[in-house]
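Engineer:
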Amino acid sequence: MSREPKTYAELAARVAMLESERTLTLRLAQTDSLTGLVNRGAFTSALCERLDVARARGGQVSLFVIDLDRFKHLNDTLGHHAGDLVLAGLGARLRDEATPTELAARLGGDEFALISDTPDVAGRAERLSQVICEPYSIYGRQITSGASVGVAVFPTDGVDAAELQRFADMALYRVKNKGGRRWSLFDTALRNEDEQRRCLEDELRRALHEGEIEPWFQPVIDSASGQVVGVEVLARWRHPKRGLLAPIHFVPMAEELGLIRSIDEAVFDAACARAAPWVAAGMIEAVSCNVSPRDLMDPGFSRKLIGRLAQTDLPATALTVEITETFLLQDMALARRHIERLASRGVNVALDDFGTGYSNLRALMHLPIQTVKLDRSLIADVGRDGRVSKLVTSLLHAARALGISIVAEGVEEEAQAIFLRAAGCGAMQGYLFARPMPAHEMEAMLRGAEAPVPLRAAVG
Ligand code: C2E
Ligand code: CA
Ligand code: CA
7 MSREPKTYAE
17 LAARVAMLES
27 ERTLTLRLAQ
37 TDSLTGLVNR
47 GAFTSALCER
57 LDVARARGGQ
67 VSLFVIDLDR
77 FKHLNDTLGH
87 HAGDLVLAGL
97 GARLRDEATP
107 TELAARLGGD
117 EFALISDTPD
127 VAGRAERLSQ
137 VICEPYSIYG
147 RQITSGASVG
157 VAVFPTDGVD
167 AAELQRFADM
177 ALYRVKNKGG
187 RRWSLFDTAL
197 RNEDEQRRCL
207 EDELRRALHE
217 GEIEPWFQPV
227 IDSASGQVVG
237 VEVLARWRHP
247 KRGLLAPIHF
257 VPMAEELGLI
267 RSIDEAVFDA
277 ACARAAPWVA
287 AGMIEAVSCN
297 VSPRDLMDPG
307 FSRKLIGRLA
317 QTDLPATALT
327 VEITETFLLQ
337 DMALARRHIE
347 RLASRGVNVA
357 LDDFGTGYSN
367 LRALMHLPIQ
377 TVKLDRSLIA
387 DVGRDGRVSK
397 LVTSLLHAAR
407 ALGISIVAEG
417 VEEEAQAIFL
427 RAAGCGAMQG
437 YLFARPMPAH
447 EMEAMLRGAE
457 APVPLRAAVG
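If you read the sequence shown in the working numbering, its first letter stands for residue 7, the second for the next number, and so on.
Structure representation (structure tokens):
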């Protein structure tokens with residue numbers, strides 16, 4: 007503890023010291039420690055201030071957002087330290103490149119930004135793109151990590167900081183989707199996309215509220231008996247103007263907007279209500295629900311699902327949750343926790359779309375996954391392409407050895423069904439047997455208690 011200042015000089019010195027400490031603390035709070043650039047908080051305040059000035063004086067402000075391409079891959083292959091060196095290198099280039107009236111920032115991760123008053127926006131974007139795409143020298147090696155740039159301009163594109171950031175991000179993602187290493191300006195096409203998206207967002211919220219998202223059902227057929235043994239629940243949107251919409255028209259958008267969770271919950275509740283009596287009456291054994299990788303990122307997902315399930319009449323052992331490999335790859339530890347928690351309650355977990363991604367056999371061996379769904383792309387060539395047939399046959403062998411059951415998806419032709427049945431595939435699903443249908447049709451089929459017509463021939 008320092009003593010009380012006695013003289014005026016001591017007091018002045020103490021004030022000066024506190025003042026410089028305060029400045030330092032403030033600066034540290036606004037600076038990104040890896041690159042020395044301003045951080046997201048300071049950047050957002052600066053952008054708002056510059057927009058205020060431009061609004062008052064009639065000026066132009068351009069926002070360039072910059073993102074390294076395949077940075078995760080670089081981190082994974084060369085290690086985090088090398089990743090940090092590239093980030094620091096990019097930060098240094100941006101600092102050197104910024105003119106005295108521009109401001110460069112690191113927004114977080116591998117995302118950077120530059121605020122500029124330049125009248126030549128395209129020229130600036132081109133120059134930035136060149137500078138940041140130059141190779142980086144890491145551990146004496148030349149690393150080429152491309153970067154992409156998205157740009158939005160005040161007042162032509164956006165009127166405030168939030169709009170500019172959203173629009174610049176949209177331009178950035180367009181470049182990234184085309185392979186990166188380029189720049190793109192926000193334009194009319196993106197504005198239309200933005201308007202459609204906002205319109206769809208409002209509509210989706212309304213649809214959820216009005217109960218327009220409904221569960222449809224596709225039967226799962228037992229290969230040996232030809233009987234319906236389960237159903238997969240598939241979401242449909244009964245849109246008042248556009249008619250019946252398949253998931254491709256709303257699931258990806260709902261995932262982006264953070265609405266997929268509400269959709270999955272609504273579909274789950276409605277599907278359980280419709281299908282629980284079918285299970286209770288012994289007409290089917292299992293109800294399979296799809297969940298988005300987004301839902302699974304929530305550490306509370308499995309606990310909440312078990313809670314929701316308890317509110318329905320469906321026994322846990324009759325529920326299958328279909329997850330995709332994308333999620334396993336994103337966070338294996340979290341995936342394990344969810345799968346183990348669900349399995350401990352008797353809920354079956356199925357790995358969906360197997361054969362499209364990495365087809366991670368290790369995951370199958372180490373996680374309590376009871377079912378694998380072979381993707382339609384594999385099934386399409388089965389019995390036709392010798393290599394695919396061999397692959398599917400050996401996958402079936404491996405699954406049997408691990409005690410995992412296999413459902414073949416997208417079975418459209420009798421020849422495929424015959425091949426799969428002979429190869430020991432336990433269950434099938436596809437247009438050959440039945441397309442997805444609304445609950446009342448599914449119920450009628452189950453009450454008819456007959457195998458769907460094509461199957462009698464295929465398994466007869
Ligand atoms: P998925 O889980 O792989 O579902 C199978 C898709 O293949 C369904 O498309 C189904 O209608 C279609 N299909 C079934 N048999 C055949 C066939 O023989 N030939 C062909 N060509 N297609 C067949 P759908 O209903 O359009 O669903 C597409 C995807 O949307 C689903 O793929 C699933 O990933 C997702 N999805 C569907 N419902 C939900 C949901 O409630 N929540 C979430 N998160 N995703 C859902
Ligand atoms: Ca599925
Ligand atoms: Ca699938």
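Ideal placement from N, C-alpha and C gives every residue a C-beta, glycine not left out.
Please tell me whether, using a cut-off of 7 angstroms, the distance from the CB of Asn296 to the nearest non-hydrogen atom of ligand 2 is below it.
Structural biologist: Yes, ligand 2 has a heavy atom inside 7 angstroms of this Cβ.
Engineer: How should Gly42 be labelled, buried or exposed, when 16 other C-beta atoms within 10 angstroms of its C-beta is the threshold for buried?
Structural biologist: With fewer than 16 Cβ atoms within 10 Å of its Cβ, Gly42 is classed as exposed.
Engineer: Between Leu2 and Met259, is the Cβ-Cβ spacing less than 8 angstroms?
Structural biologist: Past the boundaries of the shown model lies residue 2; the chain is included only from 7 to 466, so the question cannot be answered.
Engineer: If you draw a straight line from the C-alpha of Gly352 to the C-alpha of Leu53, how long is it?
Structural biologist: Going by the C-alpha atoms only, they are around 53 angstroms apart.
Engineer: Extract the residue ranges of the beta strand (DSSP E) inside the stretch 91 to 164, only unbroken runs of 3 or more that lie entirely within it.
Structural biologist: With a minimum length of 3 residues, the continuous beta strand (DSSP E) runs that stay inside the stretch 91 to 164 are 109 to 114, 117 to 122, 142 to 144, 147 to 149 and 153 to 160.
Engineer: Report all residues from its chain with a CB closer than 8 angstroms to the CB of Met371; omit the five preceding and five following residues, and keep chain order.
Structural biologist: Only Leu408 meet the Cβ criterion.
Engineer: Among the candidates Ile227, Gln224, Asn296 and Ala282, whose CA atom is the shortest distance from the CA of Val257?
Structural biologist: Out of Ile227, Gln224, Asn296 and Ala282, Asn296 has the C-alpha closest to the C-alpha of Val257.
Engineer: Expressed to the nearest angstrom, what Euclidean distance is found between the alpha-carbon atoms of Ala287 and Arg393?
Structural biologist: Cα to Cα, the separation comes out at about 42 angstroms.
Engineer: Spatial neighbours of Glu291 within its chain, please: CB distance less than 8 angstroms, with the 5 preceding and 5 following residues excluded, ordered by chain position.
Structural biologist: Taken in chain order, the residues that qualify are Val235, Gly236, Val285 and Ala324.
Engineer: Taking only heavy atoms of ligand 1 into account, decide whether any of them is closer than 7 angstroms to the Cβ of Ile469.
Structural biologist: Outside the modelled stretch of the chain, which goes from 7 to 466, sits residue 469, for which no answer is possible.
Engineer: Should Glu331 be listed as close to ligand 2, given that the test is whether its C-beta is under 7 angstroms from any heavy atom?
Structural biologist: No - ligand 2 has no heavy atom lying nearer than 7 angstroms to the Cβ of Glu331.
Engineer: Is DSSP giving Glu418 helix, strand or coil here?
Structural biologist: In the structure shown, Glu418 sits in coil (DSSP, three-state: anything other than H, G, I, E or B).
Engineer: For chain B, find out if any of its Cβ atoms is closer than 8 angstroms to the Cβ of Leu120; answer yes or no.
Structural biologist: The structure shown has no chain B; it contains just one protein chain.
Engineer: Spell out the partners DSSP gives Asn354 in its beta bridges.
Structural biologist: The partner list for Asn354 (beta bridge, DSSP) reads Thr326.
Engineer: Would the beta-carbon of Asp301 fall within 8 angstroms of that of Asp337?
Structural biologist: No, the Cβ-Cβ distance between Asp301 and Asp337 is not below 8 angstroms.
Engineer: By Cβ distance, which residues of its chain are closer than 6 angstroms to Ala369, with the 5 residues on each side in sequence left out?
Structural biologist: Closer than 6 angstroms at Cβ, skipping near neighbours: Leu334.
Engineer: Could you please give the first and the last residue of the uninterrupted beta strand (DSSP E) stretch that includes Val71?
Structural biologist: Taken as a continuous stretch (DSSP letters only), the beta strand (DSSP E) holding Val71 covers Val67 to Leu74.
Engineer: Going by the beta-carbon positions, is the gap between Arg112 and Asp38 smaller than 8 angstroms?
Structural biologist: Against a cut-off of 8 angstroms, the Cβ pair of Asp38 and Arg112 comes out as a contact.
Engineer: Report buried or exposed for Met303, applying the criterion of at least 16 other Cβ atoms within 10 angstroms of its Cβ.
Structural biologist: Exposed, because fewer than 16 other Cβ atoms sit within 10 Å of the Cβ of Met303.
Engineer: Quick one: does the C-beta of Gly416 sit closer than 7 angstroms to a heavy atom of ligand 1?
Structural biologist: The answer is yes for Gly416.
Engineer: For the stretch 51 to 69 against the stretch 111 to 125, are there 3 or more C-beta pairs whose distance is under 8 angstroms?
Structural biologist: Verdict: yes, contact present.
Engineer: Residues in the same chain with beta-carbon distance under 7 angstroms from Pro305, minus the five sequence neighbours each way, listed in chain order, please.
Structural biologist: Only Leu340 meet the Cβ criterion.
Engineer: DSSP beta-bridge partners for Ile412?
Structural biologist: The partner list for Ile412 (beta bridge, DSSP) reads Val378.
Engineer: Taking the CB atoms as reference points, tell me whether Ala153 and Ile138 lie closer together than 8 angstroms.
Structural biologist: For Ala153 and Ile138, yes; Cβs fall inside 8 angstroms.
Engineer: Can you tell me which of the three DSSP states Ile219 falls into?
Structural biologist: Strand, per DSSP.
Engineer: Relative to the alpha-carbon of Leu384, which residue among Val398, Asp358 and Gln233 has its alpha-carbon at the smallest distance?
Structural biologist: Measuring from the Cα of Leu384, the nearest candidate turns out to be Val398.
Engineer: Which residue from Glu55, Phe439, Glu10 and Leu265 puts its Cα closest to that of Asp228?
Structural biologist: Of the listed residues, the one whose Cα sits closest to Asp228 is Phe439.
Engineer: Using DSSP with H/G/I as helix, E/B as strand and the rest coil, what is Glu447?
Structural biologist: Looking at Glu447 - three-state DSSP - the assignment turns out to be helix.
Engineer: Locate the beta strand (DSSP E) running through Leu240, then write down its first and last residues.
Structural biologist: Its beta strand (DSSP E) spans residues Val234 to His245.
Engineer: Any heavy atom of ligand 1 within a distance shorter than 7 angstroms of the CB on Asp166?
Structural biologist: No, the beta carbon of Asp166 sits no closer than 7 angstroms to any heavy atom of ligand 1.
Engineer: Can you tell me whether Ile312 is helix, strand or coil according to DSSP?
Structural biologist: Three-state result, Ile312: helix.
Engineer: On the three-state DSSP scale, how would you describe Pro442?
Structural biologist: Three-state DSSP puts Pro442 in coil, outside helix and strand.
Engineer: Could you compute how far the alpha carbon of Asp358 sits from the alpha carbon of Ala131?
Structural biologist: Going from the Cα of Asp358 to the Cα of Ala131 covers about 42 angstroms.
Engineer: With DSSP collapsed to three states, give me the class of Cys431.
Structural biologist: Cys431: coil per DSSP, three-state reduction.
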